[in-house]
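Each position in the sequence shown, counted from 1, maps to that position plus 30 in the numbering used here.
Beta carbons: idealized from backbone N, C-alpha and C, even for Gly.
I have placed the structure first, in the form of structure tokens, so that the comments after it can refer back to it.
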Amino acid sequence: MSLKINDPEIYSAIQKETHRQQNNIELIASENFVSKDVL
Numbered sequence: 031m032s033l034k035i036n037d038p039e040i041y042s043a044i045q046k047e048t049h050r051q052q053n054n055i056e057l058i059a060s061e062n063f064v065s066k067d068v069l
């Protein structure tokens, strides 16, 4: 039995997430210096 048949809603969500990850860039901001509190 396939997920597509047993739970089409979950299958669709997985397909959409796979498409999103393959076709979009996800930019994550980060600091390039250490703050004084860390030093």
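Asked                                                           : Found
Cα-Cα separation, Asp67 to Lys46                                : 42 Å
Distance, Pro38 Cα to Leu57 Cα                                  : 30 Å
Nearest-angstrom Cα separation, counted from Met31 out to Ser42 : 16 Å
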